[in-house]
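These notes concern the structure reproduced below.
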Amino acid sequence: MAEPTHAVEPLPLHDGKTTVVSIISSSAAVLAACSCCILPMVLVAAGLSASLSSVLAPLGSLHWPMTAFSVIAVAASWLIVLRKYRHKSHCHSQAAVKWLKNRQIILLLVATVMSFIAAAWGYFEPTLMKAFM
């Protein structure tokens, strides 16, 4: 008797609500992390008004709450996506290739990197400050 083959279905893109929340929260966490020092210098160097950076300055105090929310949102998104993917697919040779071509997975990878940057901002900031001065 032949073994049944299991088709690997791509993840549905309309189920990406948590991915959107992850991208937005990780972007806000990075923005909050750099709004104190680096962002004003970058805006002035780009020829934009320094007054725009003064509007963003209050975000600096929200760096850690936004970073914590970002990490929680990204972790929840990964759990949801991996659970759905594991439920829909079995060991299949093309599963990893299809998985990495999914826009939702790519966005989650970007959100993960941005959350890591926001969390480790204290390590990046001194080097960036030296580079812009």
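In terms of the numbering used here, the sequence shown opens at residue 4 and continues consecutively. We put the beta carbon where it would ideally sit given N, CA and C, even for glycine. Note that this is a predicted model, so its numbers are computed, not measured.
On the DSSP letters alone, give me the boundaries of the alpha helix (DSSP H) that Met117 sits inside. The sequence position of residue 117 within the sequence shown is 114, counting from 1. Where Met117 is concerned, the enclosing alpha helix (DSSP H) stretches over 106 to 122.
Would Val84 pass as a contact of Ile26 if the rule is Cβ separation under 8 Å? By one-based count along the sequence shown, residue 84 stands at place 81. By one-based count along the sequence shown, residue 26 stands at place 23. No, these two residues do not count as a Cβ contact at 8 Å.
Specify, as a first and last residue, the run of the alpha helix (DSSP H) that Ala35 falls within. Working through the sequence shown from its first residue, we reach residue 35 at position 32. Per DSSP, the continuous alpha helix (DSSP H) segment holding Ala35 begins and ends at 20 to 37.
Shortest alpha-carbon distance to Ala78 belongs to which of Met136, Val23, Ala134? Within the sequence shown, the letter at position 75 stands for residue 78. When Met136, Val23, Ala134 are compared, the shortest CA-CA separation from Ala78 is found for Val23.
Taking C-alpha atoms, which residue in Met69, Ser29, Leu42 lies nearest to Met132? Along the sequence shown, one-based indexing puts residue 132 at 129. Here the closest residue by C-alpha is Leu42.
Do you know how far the Cα of Lys87 is from the Cα of Ala49? Indexing the sequence shown from 1 puts residue 49 at position 46. Indexing the sequence shown from 1 puts residue 87 at position 84. Answer to the nearest angstrom: the Cα atoms are 43 Å apart.
Assumed close pair Ser73, Ala121 - CB separation to whole angstroms, cut-off 8 Å: One-based indexing of the sequence shown puts residue 73 at position 70. One-based indexing of the sequence shown puts residue 121 at position 118. Under the criterion of beta carbons closer than 8 Å, Ser73 and Ala121 qualify as touching, at roughly 6 Å.
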